[in-house]
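Colleague: In our numbering, the protein residues as written are 22 to 158. Ideal Cβ positions, reconstructed from N, Cα and C, are used throughout, including at glycine. Structure provided below as structure tokens; questions to follow.
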């Protein structure tokens, strides 16, 4: 059987017939790329903070306030502090340990990909679109 062309075309199945799928976004991105996208989305866009005050019919010009330019930077957490950092973010001890284990496996390249001969299923949601939508929630 051929690999689905997008994550949305993956069949939904019951828990009794689970199959691991290798799913990726449309392109590779680094932690720095995520920081740049967040900087743009949350810190460097124009925002009209006066919409509520200017929604009357008096033809006043809307004033746009420009946010101060800021940059989000990547701050690497040393491996020996991963678990404690996850705990600081509010994870339970079990979740922090599991996430530490997953992070170690990913960083060390010890993740076993399913069906190594098949290409990954590529999605079409960019990191910018994902973050933009997540920030709206």
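CA-CA distance, residue 42 and residue 141?
Modeller: 8 Å
Colleague: Per DSSP, what kind of secondary structure is residue 57 in: helix, strand or coil?
Modeller: helix
Colleague: Alpha carbons only, please: which of 135, 153, 151 and 148 is nearest the one belonging to residue 40?
Modeller: Nearest C-alpha to residue 40: 135.
Colleague: If you drop the 5 nearest sequence neighbours on each side, which residues of the same chain put their C-beta closer than 8 Å to that of residue 148?
Modeller: 46, 50, 54, 55 and 58.
Colleague: With distances taken from CA atoms, which of 130, 52, 117 and 100 is nearest residue 94?
Modeller: 52
Colleague: Given residue 116, which residues of its chain have a CB within under 8 Å of its CB, disregarding the five upstream and five downstream residues?
Modeller: Cβ contact annotation for residue 116 (same chain, cutoff 8 Å, sequence separation greater than five): 107, in chain order.
Colleague: Residues in the same chain with beta-carbon distance under 7 Å from residue 146, minus the five sequence neighbours each way, listed in chain order, please.
Modeller: 46
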